Amino acid sequence: MSENKPESGPTVNPRVTWEGCSVLLDINDGDRLVFARLSAGSTLKIGNKTFSLQPLIGCPFGSLFQVESGKEKPYLSRFIPPTEENNVQDEGGCQLQEESRDNRAIIDNNQAQSLTGDDIDAMRREGATGNEIVEALIANSATFDKKTQFSQEKYRLKKQKKYAPRVLLRRPFSRSICEAYFKKYPARIGFLRVDALSLLLSMANVTANSDVLVLDMVGGLVTGAVAERLGGTGSVCNTYLGGTPYPMEIIRMFNFNNEICKRVLRCSVNDLCAVQNETSEQVSQHEDVCTMESQSDEKISLSVSTEEVHLSSKNGVSDLVPENELSTTGKTCKTPKAGEKAPKEAIQSWKENGFSSLIIAAPEQDAWSLVKDLLPLLTYSAPFAIYHQYLQPLATCMNNLQLEKMAIGLQLSEPWLREYQVLPSRTHPCMQMSGSGGYILSGTRAYSNTSQS
Amino acid sequence: MKISFNLCIRDGYLIIVYERHDTMKAVKVCKNSVLQNRFSVFEHSDWIGKPFGSIIFSNSGGFLYLLALTPELWTLVLIHRTQILYIADISFVIMYLEVVPGCLVLESGTGSGSLTTSFARAVEPTGYVYTFDFHEQRAASAREDFEMTGIVTMGVRDILGELVDSVFLDLPQPWLAIPSA
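Here it is in structure tokens:
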């Protein structure tokens, strides 16, 4: 796993946490996923206890932490597993050994464990570690020896999760963020599964130095993933219908540095299309009007960072900047913000060169009406990829694109992902599998001399 | 090569000639060459100066589209010397290995270079992909392909002692390589 490797080369992907960075906490091996921002005061609640996240600052991503009983109260301590930790490593012995036990004699009447809750609390007060409590529970269980080996392991793991929970410090990256959201709040990301997201990025040929047009109605996840792949080069234009930009709060999870944030720009569809038909004088007037309107319409989630004030040469805009600077989160750490209004020069450049690819992730909109307006903004032979939760709108869209001869190489795909549990003699697909990761329509824009250029 | 409205096909470019969604090939544009297919003969000189994405008609009613090269299209047109990875798996690998510009990726074996091309595009402009193959002939063919598609290749380097971001193994017995990975 690349997470456990020490720092290497350029700090594009820092491997050690810092004060103010956002992290993904994986509690008990995937049972619970929590996003958090590390600071001196931030805390995490496990069970009915709260732990400070202070010990996590400055540790490499991929570190494991275990709950330990401290003098005053329990705390999280860094846990470095020995190289051959679990009892699973004698695999050779496992397979050769015949299992003769079974559960015919085990009666589930809640009387097998002789330690009571009070006993355990007493042990805790005396400073017993989580592991010691688990061992004590096993020692005091009347039925433990009657269980099969697999069953014993399951028992041990279950007790360990309760009495000595472990927290894995994960780096937020498109993959981990997408997986976490898909598990917890799939509706917020339009049921976009991680393999569908990766297909979107590849099929749209998102690479460095490209200008990608994104219509993102999945909370900013796709915009963030594209910005990650651009790595501080090129640009992402997050576009929106109407006057109000769509929320992009997921981008803050990515830990982007300034360079990458600067590349994420926003512009309404009207602005992008309107400039096409007007002369440069009218353009600047129109731009002023649009900028003023959309700035006043903008919700507080979009804020303009202090360094970028020089971009706005219009007087009206600089008055609005101080208002927007007050961020709702109220944190003292300065995280660079992405998603500023695209400056005129950028829009001009996009007009001249065309965007190099298009990604649409708008699960509740009609795909064809969006594509109709956005496809002409792409340069010829540019790939595009459209995600939708359901098949029908994409099928209609594909049909229309073919009739109008706007695109070639059209392909409708449904990604499929199955997870396996891999253990000796117990490798099999997991009990539950996601059945709906959405659908993707991809293709390449064709040149037609009837289209405006 | 960044595509844009202002970029047209020129002599010497490697482009994709698209007949149908399942019939495509990579062609190097050469002023004096022709392309023959079941429709008719197409002269390369007709293509020079046209924008990418153009449609070219032949006298007998057949047509071609001329497209810019992308790693996805390259995967569909490259010559198979070994079984290759297709876009579905390639996209998954790049996502799970968290490959972004600036990363250092080790790949073994190269095979026909399908995944390698996608890795190279994912790590540019500041990252590197080190790819290895024990078959001399295939390694040479892969090197030729990379030169054709515009991936900058370097000579052999000693990478012992350097730290890498990701390792990808596509070998007959990958478990033997795990300790050194």
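Residue numbers (full-length UniProt numbering), protein chains in the order written: chain A, 1 to 453; chain B, 1 to 181.
From the three backbone atoms N, C-alpha and C, an ideal C-beta is built for every residue, glycine too.
Note that the coordinates shown come from a computational prediction; the quantities given were computed from them, not determined experimentally.
I think residue i touches residue j, with their Cβ atoms under 8 Å apart; what is that distance to the nearest whole Å?
i: Glu43 (chain B); j: Val29 (chain B); result: Between Val29 (chain B) and Glu43 (chain B) the Cβ distance is about 11 Å, and since that is not below 8 Å, they are no contact.
i: Ala342 (chain A); j: Cys261 (chain A); result: Not really, about 14 Å apart at Cβ, beyond 8 Å.
i: Thr430 (chain A); j: Glu419 (chain A); result: Strictly speaking, residue 430 (chain A) in this sequence is Cys, with Thr absent from that position. Right, the Cβ-Cβ distance comes to about 5 Å (below 8 Å), so this counts as a contact.
i: Leu53 (chain A); j: Leu44 (chain A); result: 6 Å
i: Glu99 (chain A); j: Thr148 (chain A); result: 5 Å
i: Tyr65 (chain B); j: Tyr18 (chain B); result: 4 Å
i: Gln160 (chain A); j: Val134 (chain A); result: 5 Å
i: Ser434 (chain A); j: Ser91 (chain B); result: With a Cβ gap of about 17 Å, Ser434 (chain A) and Ser91 (chain B) do not count as contacting.
i: Ala139 (chain B); j: Asp145 (chain B); result: The pair is not a contact, with the Cβ atoms about 11 Å apart (cut-off 8 Å).
i: Ile151 (chain B); j: Leu67 (chain B); result: At roughly 19 Å, the Cβ-Cβ gap does not stay under 8 Å, so Ile151 (chain B) and Leu67 (chain B) are not in contact.
i: Gly102 (chain B); j: Asp170 (chain B); result: The pair is not a contact, with the Cβ atoms about 23 Å apart (cut-off 8 Å).
i: Phe39 (chain B); j: Gly62 (chain B); result: 2 Å
i: Leu394 (chain A); j: Leu417 (chain A); result: With 8 Å as the limit, Leu394 (chain A) and Leu417 (chain A) do not qualify as a contact, their Cβ atoms being about 19 Å apart.
At a CB-CB cut-off below 9 Å, which residues of chain A make contact with residue i?
i: Tyr65 (chain B); result: Ser381, Ile408, Gly409, Thr444, Ala446 and Tyr447
i: Phe52 (chain B); result: Thr379, Tyr380, Ser381, Ala382 and Tyr447
i: Asn37 (chain B); result: Within 9 Å Cβ-Cβ: nothing; Asn37 (chain B) doesn't reach chain A, min ~16 Å.
i: Ile56 (chain B); result: Those within 9 Å of Ile56 (chain B) in chain A number zero; the least Cβ separation is about 10 Å.
What span of residues does the alpha helix (DSSP H) with residue i cover, start to end?
i: Phe52 (chain B); result: No alpha helix (DSSP H) contains Phe52 (chain B), which DSSP labels as neither H nor E.
i: Asp373 (chain A); result: Ala367 to Leu374
i: Ile250 (chain A); result: Here Ile250 (chain A) belongs to no alpha helix (DSSP H), and DSSP marks it neither H nor E.
i: Arg125 (chain A); result: Gly117 to Arg125
i: Gln137 (chain B); result: Glu136 to Thr149
i: Val222 (chain A); result: Leu221 to Leu230
i: Arg121 (chain B); result: Ser114 to Val123
i: Thr396 (chain A); result: Leu391 to Leu403
i: Ser107 (chain A); result: The sequence shown places Ile at residue 107 (chain A), rather than the Ser named in the question. Taken as a continuous stretch (DSSP letters only), Ile107 (chain A) belongs to no alpha helix (DSSP H), as it is neither H nor E.
i: Gln348 (chain A); result: Lys344 to Asn353
Applying a beta-carbon distance threshold of less than 9 Å, which residues of chain B neighbour residue i?
i: Val194 (chain A); result: Phe92, Met95 and Tyr96
Taking the continuous beta strand (DSSP E) assigned at residue i, which residues delimit it?
i: Asp26 (chain A); result: Ser22 to Ile27
i: Gly409 (chain A); result: Ala407 to Ser413
i: Cys237 (chain A); result: Ser235 to Tyr240
i: Cys267 (chain A); result: Val264 to Ser268
i: Met24 (chain B); result: Thr23 to Lys28
i: Pro383 (chain A); result: Pro383 to His388
i: Arg426 (chain A); result: Looking at the DSSP string, Arg426 (chain A) is not in any beta strand (DSSP E), and its letter there is neither H nor E.
i: residue 470 (chain A); result: With chain A running from 1 to 453 in the structure shown, residue 470 (chain A) is simply not present.
i: Thr131 (chain B); result: Tyr128 to Phe132
i: Ile46 (chain A); result: Thr43 to Ile46
i: Glu135 (chain A); result: Looking at the DSSP string, Glu135 (chain A) is not in any beta strand (DSSP E); the run it does join, the alpha helix (DSSP H), is Gly130 to Ala139.
i: Val16 (chain A); result: Taken as a continuous stretch (DSSP letters only), Val16 (chain A) belongs to no beta strand (DSSP E), as it is neither H nor E.
i: Gln113 (chain A); result: Here Gln113 (chain A) belongs to no beta strand (DSSP E), and DSSP marks it neither H nor E.
i: Phe35 (chain A); result: Arg32 to Arg37
i: Val34 (chain B); result: Val34 to Gln36
i: Ser52 (chain A); result: Lys49 to Ser52
List the residues of chain B that residue i touches, going by C-beta distances under 8 Å, in chain order.
i: Pro415 (chain A); result: Ala88
i: Met203 (chain A); result: Glu72, Ile87 and Ser91
In chain B, which residues lie less than 7 Å from residue i when you measure between Cβ atoms?
i: Leu199 (chain A); result: Ala88 and Ser91
i: Arg175 (chain A); result: Met95, Tyr96 and Glu98
Taking residue i as the query, report the chain A residues whose CB atoms sit under 7 Å from its CB, ordered along the chain.
i: residue 188 (chain B); result: Only positions 1 to 181 of chain B appear in this structure, which leaves residue 188 (chain B) out of reach.
i: Ala68 (chain B); result: Ser381
i: Tyr18 (chain B); result: Ile408 and Gly409
Going along chain A in order, which residues have a C-beta closer than 8 Å to the C-beta of residue i?
i: residue 249 (chain B); result: Outside the displayed span of chain B (1 to 181) sits residue 249 (chain B), for which this structure offers no information.
i: His21 (chain B); result: Ile408, Gly409, Leu410 and Gln411
i: Asn6 (chain B); result: Glu352 and Asn353
i: Ile84 (chain B); result: The contacting residues do not exist; Ile84 (chain B) stays about 15 Å from chain A at best.
Any chance the CB of residue i is under 7 Å from a heavy atom of the ligand GDP?
i: Ala68 (chain B); result: The ligand GDP is not part of this structure, which contains no ligands at all.
> When you check each C-beta in the stretch 49-64 of chain A against every C-beta of chain E, which residues fall closer than 8 Å?
Replying inline: The structure shown contains no chain E; its protein chains are A and B.
> For the stretch 157-214 of chain A, which segments carrying the beta strand (DSSP E) assignment without a break, of at least 3 residues, lie completely within its bounds, in sequence order?
Replying inline: 166-170
> Are at least three pairs of beta-carbons, each pair with one atom in the stretch 399-413 of chain A and one in the stretch 170-179 of chain A, less than 8 Å apart?
Replying inline: no
> Within the chosen definition, does the stretch 355-363 of chain A reach the stretch 387-394 of chain A through at least 3 CB pairs nearer than 8 Å?
Replying inline: yes
> Between the stretch 374-382 of chain A and the stretch 347-359 of chain A, are three or more C-beta pairs nearer than 8 Å?
Replying inline: Verdict: yes, contact present.
>> Between the stretch 83-95 of chain B and the stretch 428-439 of chain A, can you find at least three pairs of beta-carbon atoms closer than 8 Å?
In response: No contact exists between the stretch 428-439 of chain A and the stretch 83-95 of chain B.
>> Across the stretch 164-178 of chain A and the stretch 19-36 of chain A, are there enough close Cβ pairs to call them in contact, namely three or more that are closer than 8 Å?
In response: Yes, they touch.
> Taking only runs of the alpha helix (DSSP H) that begin and end inside the stretch 60-105 of chain B, which ones reach a length of at least 4 residues, in chain order?
Replying inline: 71-77 and 87-96
>> Does the structure place the stretch 134-143 of chain A close enough to the stretch 108-121 of chain A that three or more beta carbon pairs sit under 8 Å?
In response: yes
> Is the stretch 203-220 of chain A in contact with the stretch 118-131 of chain B, if contact means three or more CB pairs nearer than 8 Å?
Replying inline: Yes, the stretch 203-220 of chain A touches the stretch 118-131 of chain B.
>> Taking 8 Å as the cut-off, does the stretch 101-109 of chain A touch the stretch 210-217 of chain A (at least 3 CB pairs, one atom from each stretch)?
In response: no
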